[in-house]
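7 is the number of the first residue of the sequence shown in the numbering used here; add one for each residue after it.
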Amino acid sequence: MNGAKLVIQLLRDKGVSRVFGYPGGAIMPIYDALFESGIEHVLSRHEQGSGFAALGYAKITGKPAVCIATSGPGATNLITALGDANFDSVPLVVITGQVSTEVMGTDAFQEIDMLGLSLAVTKHSFLVEKVEQLEDIINQAFELASSGRPGPVLIDFPKNVQLAAIEKQSSESVVSSEISKASPKDVSNCDNVSAAINLLLHSKKPVFYVGGGALIAEAQDELNQLLALLQVPSVATLKGLGAINLENELYLGMLGMHGNAAANYTVQECDCLVVVGARFDDRVTGKLDGFATNAKVIHLDIDRAEINKLRTADVALLGDLKPYLKAIIEGLSELKSEAYVKWCKRILEMKKQHAWQYDKPGESIFAPRLLKDLSTKLKSPSIVTTDVGQHQMWTAQHMRFSDKARLITSGGSGTMGFGLPVAIGAQFAEPDSRVVVVSGDGSFMMNVQELATIKRYALPIKIILIDNQKLGMVRQWQQLFFEKRYSETDLSDNPDFVTLAKAFNIEAETISQKNQVEDALNRALDSKGAYLLHIKIEDKDNVWPLVPPGATNEEMMEKIYDAYI
């Protein structure tokens, strides 16, 4: 047995049945070991596509997904996917080839210091210097990727170590105990739970601010039980969409730069902010020192680094969210059932006052209405992925997400080209789920080559391509904040997207009028195979509300219908 075959054996021992990747010279021994291993390999058409497909797979399975690439450009092509996974806490184990140890440091062909390059975008990176280290490194990688706040781990694997003979698995340690304990552990602190309950009981205007950590912790049941008990308003971040029960009338949707106006105003007015698995991201808070200034903060998070990083918590609960939420529920016996009636009445009035508007004049397709209609047509179970741009924010605002219709989108990194390859991974993870990509004409072209992967594996992915012939979000900012100097945002020379899709044997059609939407959505969603629905919208449409740069959330711009201002 050699190092490459040992890695494949160790992956099987970890329950890995599918990997994503792209072969090359420095990783060939691994691919040779994969050949008759019984592990399925999904071949993307670009390493970034492989990385994002693995990310989508991990998001749906909840387990570390494995991605493989060669050295040099193969490895560097994974950096964006690693960074995205690191930002959004997605467990990946990424194995990259490396030149042989005897030529490392000589600028050998396709040599790059992947260990150093990846440190800023991973939880940890390993260099396998001896074959005897492999078992320990693989074990450490899977443990680090999935424990505490999840994230990506990279293993850089020199070619000669892949080929080195080994008679038996070795437990030679390469990781210090300090690194082994780097993931935060659950901390049960009864005093802090009591303090949190006391703050809630003495508040008059509490709000729950829920982030992606609630979904990662699978704490939705406990969260919704607590919200039902308290009967208080709740809001979600982009990554927290789907955590809160949609039947909860006090749920106000997304907050932040493009959040619902009622959500933003409510948080600004609250006197107790319960932060569940969220991190005070600048796109959520607006001007930080103007965010919820009257509120006491209860912060629940598994990542010690997030506590008091941007906002000092009055009560901090560090560890797994589920037991803390359960403890708060159990401790609320003193709660009066009508404690927050006056506050909630005001919130419901505000929610009605700032309800979304969908009836735009004219015959052109209005993206918010389109996405609202798409949402109502999704059958359970469904998975929606997006790219990044105006369409992402419209999706977050106007589609409804739950455990039956899940959203995978790029949050902290904001990566264009994310949606299509992530959908591929999600479809492999759940072959029976309907997977829908919502993309824009700018983002779509960044990983368009993955249409070939959809074709190769006959994946029934539906693509909703919203086309305004612009880099829409950049154009919107140029319009509003750069005196209408539209620098390099014109995409009027886009390809014919229908012809492009059909070149990959994918059904496709184009629509541009309101009266075409209903039938076209039905055709796309009911098709047995992959389908691309190309939707032309006006290039002047903007995403509203918008919190301007440097402003507080209550200073948001709420304009709905626009011409160039």
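Just so you know, even glycine gets a beta-carbon here, dropped at the ideal spot from N, CA and C. Just so it is clear, the structure is predicted and the values come from calculations on it, not from any experiment.
{"Query": "Residue 465 versus residue 111: straight-line alpha-carbon distance, rounded", "Result": "43 Å"}
{"Query": "Cβ distance (whole Å) where residue 71 is taken to contact residue 26 below 8 Å", "Result": "7 Å"}
{"Query": "Environment of residue 141 [buried if 16+ CB atoms lie within 10 Å]", "Result": "buried"}
{"Query": "Contained beta strand (DSSP E) runs [length at least 3] in the stretch 231 to 298, N- to C-terminal order", "Result": "240 to 242, 257 to 260, 278 to 282"}
{"Query": "Within the stretch 58 to 117, ranges of the beta strand (DSSP E) (whole runs, at least 3 residues)", "Result": "71 to 75, 98 to 104"}
{"Query": "Whole-angstrom distance between residue 197 and residue 5, CA atom to CA atom", "Result": "The structure shown has nothing for residue 5, since the chain only spans 7 to 571."}
{"Query": "Secondary structure, alpha helix (DSSP H): runs of 4+ residues fully inside the stretch 421 to 479", "Result": "425 to 435, 447 to 450, 457 to 462"}
{"Query": "Three CB pairs or more closer than 8 Å across the stretch 209 to 216 and the stretch 274 to 288", "Result": "yes"}
{"Query": "Pair within 8 Å by beta-carbon distance, residue 163 and residue 417", "Result": "no"}
{"Query": "Own chain partners of residue 537 with C-beta closer than 6 Å, once the 5 adjacent residues on each side are dropped", "Result": "468, 513, 530"}
{"Query": "Complete alpha helix (DSSP H) runs within the stretch 312 to 347 (minimum length 4 residues, chain order)", "Result": "327 to 336"}
{"Query": "Selection from 363, 431, 554, 528 that minimises the alpha carbon distance to residue 47", "Result": "431"}
{"Query": "The alpha helix (DSSP H) enclosing residue 140, as first and last residue numbers", "Result": "140 to 152"}
{"Query": "Inter-stretch contact at 8 Å, needing at least 3 Cβ pairs: the stretch 214 to 231 / the stretch 243 to 260", "Result": "yes"}
{"Query": "Coarse secondary structure for residue 228, derived from DSSP in three states", "Result": "helix"}
{"Query": "Identity of the residue in 401, 459, 410, 170 nearest residue 429 by Cα", "Result": "459"}
{"Query": "Counted within 10 angstroms of its Cβ, other Cβ atoms place residue 208 as buried (16 or more) or exposed", "Result": "exposed"}
{"Query": "Exposure label - residue 347; buried when at least 16 CB within 10 Å", "Result": "exposed"}
{"Query": "Start-to-end residues for the beta strand (DSSP E) that takes in residue 412", "Result": "411 to 414"}
{"Query": "Secondary structure of residue 541, DSSP reduced to three states", "Result": "strand"}
{"Query": "In DSSP terms, what residue 392 is bridged to", "Result": "444"}
{"Query": "C-beta atoms of residue 421 and residue 394 nearer than 8 Å", "Result": "yes"}
{"Query": "Spatial neighbours of residue 657 in its chain, beta-carbon cut-off 7 Å, leaving aside the 5 residues before and after", "Result": "One cannot answer for residue 657 here, as it falls past the ends of the chain, which runs 7 to 571."}
{"Query": "Coil, strand or helix - residue 130 by DSSP", "Result": "strand"}
{"Query": "Under 8 Å between C-beta atoms of residue 233 and residue 254", "Result": "yes"}
{"Query": "Proximity to residue 407 [Cα-Cα], best of 221, 288, 298, 493", "Result": "221"}
{"Query": "Burial state of residue 508 (16 or more Cβ within 10 Å)", "Result": "exposed"}
{"Query": "Residue 50 versus residue 456: straight-line alpha-carbon distance, rounded", "Result": "7 Å"}
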